[in-house]
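Quick note on my numbering: the sequence shown kicks off at 135 and runs consecutively. Notes for the one structure printed next.
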Amino acid sequence: MGFSEDPELQPFLFGLFLSMYLVTVLGNLLIILAVSSDSHLHSPMYFFLCNLSLADMGFTSTTVPKMIVDIHTRSTAISYVGCLTQMSLFLICGCMDDLILTVMAYDRFVAICHPLHYQVIMNPGRCGFLVLVSFVFSVSDSLLHSLMVLQVTCFKDVEISSFFCDPSQLLSLACSDSFTNDIVRYLAGVIYGFLPILGILFSYYKIVSSILRVPSPGGRYRAFSTCGSHLSVVCLFYGTAIGVYFSSAFSVSPGKGALASVVYTVVTPMLNPFIYSLRNRDIKRALWRLLRKTGSSQSLRHASGLLVGTAAKRSN
């Protein structure tokens, strides 16, 4: 059904979502480039941050470009294969966001509660294994939902009350046994929703307990400041996700559900780079170094071009 059918709003929505999408992609790319270009940031925490940025870019890229095209062409139709593809990629990137945030909470737990064994526990092999497991679980969730949707036999000229192929909207169109679909949905919600939240809460319970045993207030502040950015992103991610769930469960207006989905799929990935860059001194320093390198390389290229041009004129 798209986001809005008001023709007067279409140019505004087109510019708004295009600018938000570009800010999201550029912000997350800057985070990845800053971490990869600075050897001081080659640590497990920033390795997971790069994977979170990749998941954020994929998460917003599954929905926003299609919505921008729909606004531009004034057509909200999507093919059956395109709808299944969008749903599958949306679930993979969304679950990756969810699980990477859980892995990052575990990383902060090890760093604060077991600092002497941090390098041994969070070695490169284990970090890669945790990311790989997160990806496998995300693909499994996507396959599970795809198998459930493939059982739907009434996909023809139907309307989805959202601006993308929302998995919950697609499953509500099922003509088969809805009880089985509900059981599978709740089971997936427990595995991919409740258990990660439980892991994050347990990690922060241990972190707070360990920080409170630090004698000096300065030491407590330094220890907890390393978790500030992650905690902000967790609250933003799960707060908007819970808001989307309750709005879709208790709201009869499709517009309110679509607005909540925009916050979840567009605003949250856009704000994550700002949260990490503004609250993290190491990221800010790496970004400044990256910008300086870019500026100096452009100056060198300009100067070399001038020298080559001058030499050519003299030779002539």
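The C-beta atom is built at its ideal place from N, Cα and C for all residues, glycine as well.
Nonlocal neighbours in the same chain, by C-beta distance under 7 Å from residue i, ignoring five residues either side
i      : result
LEU434 : Reliability fails at LEU434, whose pLDDT of 49 lies under 50, so the model's placement of it is uncertain and no value is given.
ILE234 : PHE182, ASN185, LEU186, ALA189, SER268
LYS418 : SER411
VAL169 : LEU175, TYR180, LEU183, CYS184, ALA420
C-alpha gap between residue i and residue j, whole angstroms
i      : j      : result
TYR355 : VAL348 : 10 Å
CYS299 : ARG426 : 42 Å
PHE148 : TYR339 : 43 Å
ARG314 : LEU304 : First, the residue type needs correcting, since residue 314 is Thr and not Arg in the sequence shown. So the alpha carbons of these two residues sit roughly 15 Å apart.
TYR398 : ASP241 : 25 Å
GLU293 : MET135 : 6 Å
SER222 : SER276 : 5 Å
PRO330 : GLU142 : 42 Å
GLN144 : VAL396 : 16 Å
LEU266 : CYS229 : 13 Å
Of the residues the options, the one placed nearest residue i, counting alpha carbons only
i      : options                        : result
TYR410 : LYS200, THR196, LEU370, SER195 : LEU370
VAL400 : PHE297, MET154, GLN144         : MET154
GLN253 : PRO301, LEU278, MET179, LEU277 : MET179
ASP316 : TYR326, SER302, GLY327, PHE328 : SER302
LEU346 : ALA357, PHE336, SER337         : ALA357
VAL342 : ILE212, ALA245, VAL157         : ALA245
SER539 : ARG415, CYS227, ILE255, SER274 : The displayed coordinates of the chain run from 135 to 450. Any statement about residue 539 would go beyond what the structure contains.
GLU139 : ALA239, SER359, MET238, THR207 : THR207
THR219 : LEU281, VAL159, PHE263         : LEU281
Cβ neighbours of residue i in the same chain (closer than 6 Å, five flanking residues each side left out)
i      : result
VAL367 : ASN406, ILE409
ILE166 : CYS184, SER187
Short Cβ contact (7 Å threshold) for residue i with residue j
i      : j      : result
PHE100 : ASP231 : Residue coverage of the chain in this structure runs from 135 to 450, which leaves residue 100 outside it and unanswerable.
ILE202 : LEU152 : yes
THR196 : ASP204 : no
GLY333 : THR236 : yes
SER171 : LEU424 : yes
Residues of its chain near residue i, where Cβ-Cβ distance is below 8 Å and the 5 sequence neighbours each way are ignored
i      : result
ASN162 : SER187, LEU188, ASP190, MET191, PRO403, ASN406, PRO407
THR374 : ALA394, VAL397, TYR398, VAL401, THR402
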